[in-house]
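Colleague: Have a look at this one before I ask anything.
This is how it looks when you write it as structure tokens:
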């Protein structure tokens, strides 16, 4: 039998470790990655000719970043690497990829999707003004280009990235006007037992918060975002919020970094026709995965934050687990001991994840309270009021129906950024549980596809 | 459980069923409309959105014209706007043979009020400077246009409800039975519905029901392949389609008022009617990327942001099934519109209401009678 054709999508921690394990087993996988260089979002490598040292770029994670980059460099001759290549569609055991305006269909026997995560966003009135960035984009600006998103930046939302990116901004010399966390402080205390599953990570997190305070940054918990003030001409001018006691404050700033933890990038799993399930804990639909990243579709595996947000370290473990699952399914012998060890590590990561979910909850109630004139879908500029109208006046209680009638989720992002909040708005307006609203069906292309693209003829 | 009853039961809540319900109510008949999913969710909701007459068989133009009259007063009649935009329609060709085909049609259909104008490549480009240099001829019909399929059938459905139709969504039916003088429709949840008249407007699923009454028809379910660009300033005007020698290489597009350009063509895929899913074949998206810039070179600067498909019923002779059953008194059909039903929808509803209410219609629909396939039933038996 010919060597099985294995494609890995993504060259972040999960993709690289998956590739490493497959190469060790004698396979030659193809690694497709949207970025120009390997490392994923978290260990994004700076452009050629940029010379910032590892410690400066990746802080406490410098050794992990360096190890991952070196691993991938060493693998390069033993795999086929397609950087700067977008996987835009899947059909009939073929991955459709586009690179420099050429589209190719790559047949596969097994596909490992390590697509990572993006910011989970909750709309707030005024979030469409220029100067509002997602937390991830704020970090990319710094990591890739050594740019800050503004001179006076407010970090608002919740989740570990809120503190990490704010700290990185302080270190880089930017002015952080405030860190505003929607999660109440007591949730963090309650989550401590689970967070102690990874004491070193917990310690790093606490050190970040302490560091911010030492630097004189205002850090508030239990806040409620009310509005981002601004104008179409000058963009963001300030943030209005309620503190934990309900008092209203206004902070001047020229940029806001927003994010409510992360959400898996699941479009490829959707296009591969994997089954999804509703996750009550985080109030979102996730691909249904069995042990070690097997999906409902034979030959399709998931690993890393694109499956479930467990963070970079867990992604490295997940990548190896998916590789071992794939090898097992190919009838290869895999080392039992190694498998057991990885699963045990993953269980510990999972416990920590539950702690994070508990400490930094998705503030679903904010969607319910969005004023009618706040924009929910930024691509199509559709307000909460317009969405509520199709729910209440036209009976659209299901996500795709509400999309069809209101356009929420119909634009460039296809609901990746507005889908979760949109579902909460629909659920509240309809008076139904959010899982009943369902999820937006994913359609190709995964990202907008240039019409200059032509099919490659062999 | 007691049976719900009305003068007419309509099975299938697409644009045909919703319009029929509306116009039957206008005639004072009581109506039950049964829809397995949501109103206008299948072919009626996912098609290209053409509100055109040009290109239809000449025999169909009276029906199409009747429908046009309703489209022109859509908002007034149904209470909401379906984004109807009447900026004309244009077919363009690349060869003398294409020009001949267009000119022949313009001649045959000249008495139906379409106002078609044949134009040469140069004249076309003067009027529509965005057209590509390869185009040698075209036919422009100024009164045609397009509307938003996602909105149209649901609007008509809501209007039917306001007129007093009983609309049951999310109602899966098991079968339609002849029951004495009338019909009984059994729903999967145990409810039953009764009426002396049944109208089957079940689109790609219509032949399952006609077959159960001994009237099979040669229909297959196909999935059209659509895509849409990001919004750009409104500039195109007419809905534009390119002729081609191979139907798979055809392409057509329309720009909506907010700027996005919807692109269809590139052939169709087979659809899975059992699971009610239809997919876009990436190859067909690529065909559109290749052919659309031949018509409008500026397409090269745009992006496709989304593709979609749906399920349409195609007859082997491309003609719909429309009219009374050939076997069962009180049974009527309107399905199998072969990818061309959206514009006809409101007209079909009015004609079917007229036919059911008065026993006849002033609009010629004889070519669409199901009896043209009676030999199929004989062969099956």
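Residue numbers (the numbering used here), protein chains in the order written: chain S, 20 to 477; chain G, 3 to 383. Even for Gly, the Cβ is constructed at its ideal location relative to N, Cα and C.
1) Is residue 255 of chain G helix, strand or coil when you go by DSSP?
2) Quick check on DSSP: helix, strand or coil for residue 379 of chain S?
3) Quick one: is residue 3 of chain G buried, meaning 16 or more other Cβ sit within 10 Å of its Cβ, or exposed?
4) With a floor of 4 residues, list each alpha helix (DSSP H) that falls wholly inside the stretch 146-218 of chain G, ordered by position along the chain.
5) For residue 65 of chain G, return the contacting residues in chain S, with the cut-off set at a CB-CB distance below 7 Å.
6) Distance cutoff 7 Å, beta carbons only. Does residue 315 of chain S sit that close to anything in chain G?
7) Whole-angstrom Cβ separation of residue 73 of chain G and residue 94 of chain G, contact assumed at under 8 Å?
8) Let me know the secondary structure DSSP gives residue 166 of chain S once reduced to three states.
9) Which ranges would you report for the beta strand (DSSP E) in the stretch 133-213 of chain S if only whole runs of at least 3 residues count?
10) Taking Cβ-Cβ distances shorter than 8 Å, what residues in chain S pair up with residue 152 of chain G?
11) Rounding to the nearest angstrom, what Cα-Cα distance links residue 400 of chain G and residue 305 of chain G in this structure?
12) Please state whether the Cβ-Cβ distance between residue 302 of chain S and residue 383 of chain S is less than 7 Å.
13) Is the stretch 130-148 of chain S touching the stretch 277-290 of chain S, taking contact as three or more C-beta pairs under 8 Å?
14) At a CB-CB cut-off below 7 Å, which residues of chain S make contact with residue 301 of chain G?
15) Does the Cβ-Cβ distance between residue 24 of chain G and residue 158 of chain G come in under 7 Å?
16) For residue 3 of chain G, name the three-state secondary structure that DSSP assigns.
17) So if DSSP puts residue 305 of chain G in a beta bridge, which residue, or which two residues, is it bridged to?
18) Tell me the DSSP secondary structure of residue 282 of chain G in three-state form.
19) Beta-carbon within less than 6 Å of residue 405 of chain S's beta-carbon, same chain only, minus the 5 sequence neighbours each way: which residues are those?
20) Can you look up residue 36 of chain G in the DSSP assignment and give me helix, strand or coil?
21) Can you tell me which of G:238, G:78 and G:210 puts its alpha carbon nearest to the alpha carbon of residue 127 of chain G?
22) Consult DSSP for residue 9 of chain S and reduce its assignment to one of helix, strand or coil.
23) With a threshold of 7 Å between beta-carbons, can residue 475 of chain S be considered close to chain G, or not?
24) Using a beta-carbon distance below 7 Å, is residue 110 of chain S in contact with chain G?
25) Got a sec: is the Cβ-Cβ distance from residue 439 of chain G to anything in chain S below 7 Å?
26) If contacts are defined as beta-carbon pairs under 8 Å, then residue 266 of chain G and residue 324 of chain G qualify, I think. What distance do you get, rounded to the angstrom?
27) In the DSSP assignment, find the unbroken beta strand (DSSP E) run with residue 220 of chain S in it and report its ends.
28) Where DSSP assigns a beta bridge to residue 474 of chain S, which residues make up the other side?
29) Counting only the same chain and skipping the five closest in sequence on each side, list residues whose C-beta sits under 6 Å from that of residue 339 of chain G.
30) Go through its chain and collect everything with a Cβ distance to residue 240 of chain S's Cβ below 7 Å, but skip five positions before and after it.
31) Can you find the residues in the same chain that come closer than 7 Å, C-beta to C-beta, to residue 173 of chain S, ignoring five residues on each side of it along the sequence?
32) Pop quiz: residue 36 of chain G and residue 187 of chain G are said to be a contact at Cβ under 8 Å. What is the actual Cβ separation, rounded to whole angstroms?
33) Looking at chain S, is there any beta carbon in it that lies within less than 7 Å of the beta carbon of residue 148 of chain G?
34) Got a sec: which bits of the stretch 395-417 of chain S sit with their beta carbon under 7 Å from any beta carbon on chain G, in order along the chain?
35) Return the residues of the stretch 115-138 of chain S that lie within a Cβ-Cβ distance of less than 9 Å from chain G, sorted by chain order.
Modeller: Per the coordinate set shown:
1) strand
2) coil
3) Only weak support is given to the placement of residue 3 of chain G: the predicted model assigns it a pLDDT of 44, under 50, and the question is left unresolved by the model.
4) Segments of the alpha helix (DSSP H) lying fully in the stretch 146-218 of chain G: 151-164 and 208-214.
5) Near residue 65 of chain G there are no residues of chain S at all, since even the closest Cβ is about 27 Å away, more than 7 Å.
6) no
7) Going by Cβ atoms, the distance from residue 73 of chain G to residue 94 of chain G rounds to 24 Å, so no, they are not a contact pair.
8) coil
9) 136-138, 151-153, 171-177 and 194-200
10) Listed by position along chain S, the residues whose Cβ is nearer than 8 Å to that of residue 152 of chain G are 423 and 424.
11) Absent from the model: residue 400 of chain G. The displayed extent of chain G is 3 to 383, so no value can be given.
12) yes
13) Using a C-beta cut-off of 8 Å, the stretch 130-148 of chain S makes contact with the stretch 277-290 of chain S, since at least three inter-stretch Cβ pairs fall below that distance.
14) 470
15) yes
16) With a pLDDT of only 44 at residue 3 of chain G, under the threshold of 50, the placement of this residue in the model should not be trusted; the figure read from the coordinates follows. Coil at residue 3 of chain G, not helix or strand.
17) S:469
18) coil
19) 425
20) DSSP places residue 36 of chain G in strand when its eight states are reduced to three.
21) G:238
22) Since the first residue of chain S shown is 20 and the last is 477, residue 9 of chain S is not available in this structure.
23) no
24) yes
25) Chain G is shown only over 3 to 383; residue 439 of chain G falls outside these bounds and no answer can be derived.
26) That pair is no contact at about 24 Å.
27) Counting along the chain, residue 220 of chain S falls outside any beta strand (DSSP E), though it belongs to the alpha helix (DSSP H) covering 218-233.
28) S:122
29) 322
30) 200, 202, 203, 204 and 263
31) 196, 197, 199, 258, 270, 272 and 275
32) 6 Å
33) no
34) The stretch 395-417 of chain S vs chain G, Cβ under 7 Å: 413.
35) 115, 122 and 124
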